[in-house]
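Colleague:
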Ligand SMILES: [Fe+2]
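In our numbering, the protein residues as written are 3 to 376.
#1: In its own chain, which residues sit with a C-beta less than 6 Å from the C-beta of residue 327, not counting the 5 before and 5 after it?
#2: Excluding five sequence neighbours on each side, which residues of the same chain lie with their C-beta closer than 8 Å to the C-beta of residue 92?
#3: Taking the beta carbon of residue 375 as the centre, do at least 16 other beta carbons fall within 10 Å, making it buried, or is it exposed?
#4: From what residue to what residue does the alpha helix (DSSP H) around residue 100 run?
#5: Can you list, in chain order, the residues of its chain whose CB lies under 7 Å from that of residue 203, leaving out five sequence neighbours each side?
#6: When the Cβ atoms of the region 233-246 are set against those of the region 184-194, are three or more pairs found closer than 8 Å?
#7: What three-state label does DSSP hand residue 187 in the structure shown?
#8: Output the distance between the C-alpha atoms of residue 56 and residue 8, rounded to the nearest integer angstrom.
#9: Quick check on residue 192: does DSSP put it in helix, strand or coil?
#10: Mind checking residue 332: buried by the 16 CB within 10 Å criterion, or exposed?
#11: Are residue 307 and residue 338 closer than 9 Å when you measure CB to CB?
#12: So that I know if they touch, is there some Cβ in chain D lying closer than 9 Å to that of residue 356?
#13: On the three-state DSSP scale, how would you describe residue 283?
#14: Going by DSSP in three states, residue 25 sits in which element: helix, strand or coil?
#15: Just list the residues that DSSP pairs residue 327 with in beta bridges.
#16: Cα separation between residue 139 and residue 370?
#17: Would you report the Cα separation of residue 284 and residue 343, rounded to the nearest angstrom?
#18: Do residue 294 and residue 145 have their C-beta atoms within less than 9 Å of each other?
#19: Among 249, 21, 44, 258, which residue has its Cα nearest to the Cα of residue 223?
#20: How many Å lie between residue 226 and residue 282 at the Cα?
#21: Would residue 195 pass as a contact of residue 180 if the rule is Cβ separation under 9 Å?
#22: What span of residues does the beta strand (DSSP E) with residue 241 cover, start to end?
#23: Considering only DSSP beta bridges, list what residue 7 is partnered with.
#24: Hey, how far is the Cα of residue 149 from the Cα of residue 77?
#25: Check the DSSP bridge columns for residue 30 and list the partner residues they point to.
#26: Helix, strand or coil for residue 89? Go by DSSP, reduced to three states.
#27: Thinking C-beta only, is residue 32 closer than 9 Å to residue 53?
#28: If I measure Cβ to Cβ from residue 366 and keep anything under 6 Å in the same chain, skipping five residues before and after, which residues do I get?
#29: Could you tell me if residue 348 is buried or exposed, where buried requires 16 or more neighbouring beta carbons within 10 angstroms of its beta carbon?
#30: Considering only the beta carbon of each residue, do residue 50 and residue 73 sit closer than 9 Å?
#31: What is the rounded straight-line gap between the Cα of residue 299 and the Cα of residue 61?
#32: Roughly how many angstroms separate the alpha carbons of residue 311 and residue 302, rounded to a whole number?
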């Protein structure tokens, strides 16, 4: 946590709180990521000159990034800001304005097509805002990445992205005390929370120009392959493919997330669990494709090699998921630096020993990705 002058705040920073706990400067918890200049103006209008910024939940500072990664950070920030605005508007009785969704979707799809690793890694490596909002952005990003890996057309990618961004629109109709409850939900609360699937269909159905596939994904993303899901208990052939894709991205992001009552599992653990649910929760072929697309060890994951060195996955090898290219690191005066790049698929005797906790080690996996644009 770092104290920052309000005059130097920029979109992408996660503001935790402000104030000194005194009469003239009372404490105030913000706990949100700045997405537009107006957010900064609002903090200044509250009368604070300095705030505490949580760097572990902020997007990387674009000053130190390549132009490509800086652009992806900008796309993420704008998309998050859009999700927050539409959820607030629906909560206040408004409806989703389809013409506003288009430019956001185009930006996300365009950025993934220009180099999917960047936005995908941003979505994977940290949690930037209230779960509900960043989850929607992440599912939007993953659905484009996954769709692309299956050869979806540009029109299909647009549809998938919109479905991912809007899949939890019904949560805007769930009381905030249930939505943001810091702990496990009781049975009646859970029953109410589950209504977000039907409510999503209702909310999106108010805007006739929203494509049917997007509405179906909102209503069906908790249905499961064997009929054990909700709200209708539909099974395999009755669930639209778009809903199945969104459900894979949804479960993956939800399970890897740090929540108040759950610390996120590693992507590796989650993919292994999802594999175990094939034929039960998920279409067997689709879950395999999903794992292949996300990579057993997703890019940016911090790992330990069998020779004891810490390394970061730079690029997956589709032909050999256990043999990605990694950047081996060394600690140099408290700063992690790249020592060498190793292709594990051709390096006999060197293997991945374990997945490490990047935060505990202080390694920013994103900084060591290959910048080859794919
Ligand atoms: Fe959901």
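A virtual CB, placed ideally from N, CA and C, is assigned to each residue, including glycine.
Modeller: In brief:
#1: 316, 317, 345
#2: 98, 171, 174, 175, 205
#3: Reliability fails at residue 375, whose pLDDT of 38 lies under 50, so the model's placement of it is uncertain and no value is given.
#4: 100-116
#5: 217, 220, 221
#6: no
#7: coil
#8: 14 Å
#9: helix
#10: exposed
#11: no
#12: The structure shown has no chain D; it contains just one protein chain.
#13: coil
#14: coil
#15: 317, 345
#16: 23 Å
#17: 36 Å
#18: no
#19: 249
#20: 7 Å
#21: yes
#22: Element bounds for residue 241: n/a, residue is neither H nor E.
#23: 52
#24: 19 Å
#25: 20
#26: helix
#27: yes
#28: none
#29: exposed
#30: no
#31: 22 Å
#32: 16 Å
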